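Trainee: Residue 0 is where the sequence shown starts when you use numbering that gives the first Met the number 0, and the numbers rise one by one after that.
We put the CB at the ideal spot given by N, CA and C, even for glycine.
For clarity, every value in this text was computed on a predicted model and none was experimentally measured.
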Amino acid sequence: MTVSSETPALEAHGLVKHFPVHRIRQRLRGRGEVVHAVDDVSLTLRSGEVTALVGESGSGKSTVARLLAGLYPLTDGTISIGGATVRATRGRLFREHVRRVQMVFQDPFGSLNPVHTIAYHLRRPLKVHGLAKNRAATRAATVELLEQVNLTPAEQYLAKYPHELSGGQLQRIAIARALAAEPKVLLADEPVSMLDVSIRLGLLNLLAGLVKSLGLAMLYITHDIASARYFATTTLVMYAGRVIEGGPSEELVQRPAHPYTQLLLASAPDPDRAGRDPELLDAGEPPSLVNPPEGCRFHPRCPHAMDICRTEAPGTTELRPGHWTRCWLYSADTEADTAQAPRPSSAASKEHLT
Ligand SMILES: Nc1ncnc2c1ncn2[C@@H]1O[C@H](COP(=O)(O)OP(=O)(O)OP(=O)(O)O)[C@@H](O)[C@H]1O
Ligand SMILES: [Mg+2]
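(1) Less than 8 Å between the CB atoms is what I'm expecting for Asp75 and Arg241, so what's the real figure, rounded?
(2) What is the DSSP secondary structure of Leu9, reduced to helix, strand or coil?
(3) Between Asn204 and Leu150, what straight-line distance do the alpha-carbon atoms span, to the nearest angstrom?
(4) Below 8 Å, can you find three or more Cβ-Cβ pairs linking the region 245–258 to the region 60–76?
(5) What residue range does the beta strand (DSSP E) around Val242 cover?
(6) Say the cut is 6 Å; is the CB of Thr233 nearer than that to a heavy atom of ligand 1?
(7) For Ala68, which of Gly47, His96 and Val49 has the nearest alpha-carbon?
(8) Just to confirm my understanding: we take Pro107, look at its own chain, exclude 5 residues before and 5 after, and list those with CB closer than 6 Å. What are they?
(9) Quick check on the burial criterion: 16 or more other C-beta atoms within 10 angstroms. Buried or exposed for Arg122?
(10) Could you say which of Ser56, Val191 and Leu44 lies nearest to Gly214 if we only look at CA atoms?
(11) For Gln101, count the other beta carbons within 10 Å of its own beta carbon; 16 or more makes it buried, fewer makes it exposed. Which is it?
(12) Could you spell out the range, first to last residue, of the alpha helix (DSSP H) harbouring Arg300?
(13) Rounded to whole angstroms, what is the Cα-Cα separation between Leu130 and Glu181?
(14) Round the Cβ separation of Val210 and Gly47 to the nearest angstrom and send it over; I've been treating them as touching at under 8 Å.
(15) So, is Ser287 buried or exposed, given that buried needs 16 or more other C-beta atoms within 10 angstroms?
(16) Whose C-alpha, out of Met193, Leu235, His222 and Asp223, is nearest the C-alpha of Arg325?
(17) Under the three-state reduction of DSSP, which class applies to Asp106: helix, strand or coil?
(18) With a Cβ-Cβ cutoff of 7 Å, do Asp188 and Phe297 count as a contact?
(19) With DSSP as the reference, label Gly76 as helix, strand or coil.
(20) In whole angstroms, what separates the C-alpha of Gly54 from that of Glu10?
(21) Closest by CA to Tyr259, which one among Tyr229, Thr233, Ala225 and Cys295?
(22) Measuring CB to CB, does His17 end up less than 7 Å from His35?
(23) Taking the alpha helix (DSSP H) that Arg319 belongs to, which residues open and close that run?
(24) Using DSSP with H/G/I as helix, E/B as strand and the rest coil, what is Lys159?
(25) Does the distance between the C-beta of Thr62 and the nearest non-hydrogen atom of ligand 1 fall short of 6 Å?
(26) Any idea what DSSP makes of Tyr329, helix, strand or coil?
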């Protein structure tokens, strides 16, 4: 198959991941319950671009990343890398998948092994993926990796152990280790949330620079919709296992459509927005993913819920080029109903969007 520059680095269609509920609980209750961690998630990651995946705790963001990285088997769905569908779950093709799609985790202290030096952590992927032929080439490659993440002079870091470095430096090592595999896709799962506020921007700028200079496709997972706006071209909003809105980051923040996106924005610390949308801010807790609500999973918290929201999951409605949502308020099928229904706040109303 021909791979053009337009071919996305990674495409996922209809991803589903159900985890079995604890076996003892299942035996007591006598049924095979599952956690619906991810249901019908599709996304596209393009080279040289950052896509943000935002949502509250437990919405399934990390599970999506782990599915894309090949760390969990899929319950359903397909993943294509560079236009080729990934089918292998072991062997050479699977190794190629896990080499091309690398992850950076939230906790830099937990993601490095305390008994090994930094040089060991960087040598290991080079060796596993056969990317450096001899000792001299390996050393040169490790030095270059450290320079790519701005840890210089590199020689100063090679013999150190993780406990001798700060959180920010360790996260740079974790990024360098991911780059050692020469990936096409980088999945950064809340890469700065455990770091001091003062060094977060430096790390995000480093990642943004690497995306451009190496042509990486990056998925940036975060709770913080404000950093997604700053950092990502496209933002996807996840709620209870589903992506419910997506679009260009700036447009999504300026004109959020889905009531949950409005809630996320209303909850983000922003002096300009203080005091707005109290109706949404009071709107309850995330649902159980063992028995998720029928229909739209946000309906128990949604101030605009209609009858159809309680029974049928909404399809995708395109609001503007590239900006879409899954919400009955915007669906052509419920146009007549929504005329009488309470409108979403002004930022989300259809009049505002057109
Ligand atoms: N290995 C697992 N086994 C069983 N359930 C799991 C497993 N991993 C995640 N889950 C469940 O799947 C759901 C989604 O979890 P996930 O970690 O993907 O959320 P998240 O959006 O990354 O949350 P956070 O922002 O807290 O990191 C949660 O209900 C979680 O308890
Ligand atoms: Mg997570």
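Mentor: Reading off the structure:
(1) About 14 Å separates the two Cβ atoms, so there is no contact after all.
(2) strand
(3) If I take the Cα positions, the gap works out to 14 Å.
(4) no
(5) Arg241 to Pro247
(6) False, no ligand heavy atom lies under 6 Å from that Cβ.
(7) His96
(8) Gly166, Leu169, Gln170 and Ala173
(9) buried
(10) Leu44
(11) buried
(12) For Arg300, there is no enclosing alpha helix (DSSP H), as DSSP marks it with neither H nor E.
(13) 9 Å
(14) 6 Å
(15) exposed
(16) Leu235
(17) In the three-state reduction of the DSSP assignment, Asp106 falls in the coil class, being assigned neither a helical nor a strand state.
(18) no
(19) In this structure, Gly76 counts as strand in the three-state DSSP scheme.
(20) 20 Å
(21) Cys295
(22) yes
(23) Note, Arg319: premise wrong, no alpha helix (DSSP H); beta strand (DSSP E) at Thr316 to Arg319.
(24) coil
(25) yes
(26) helix
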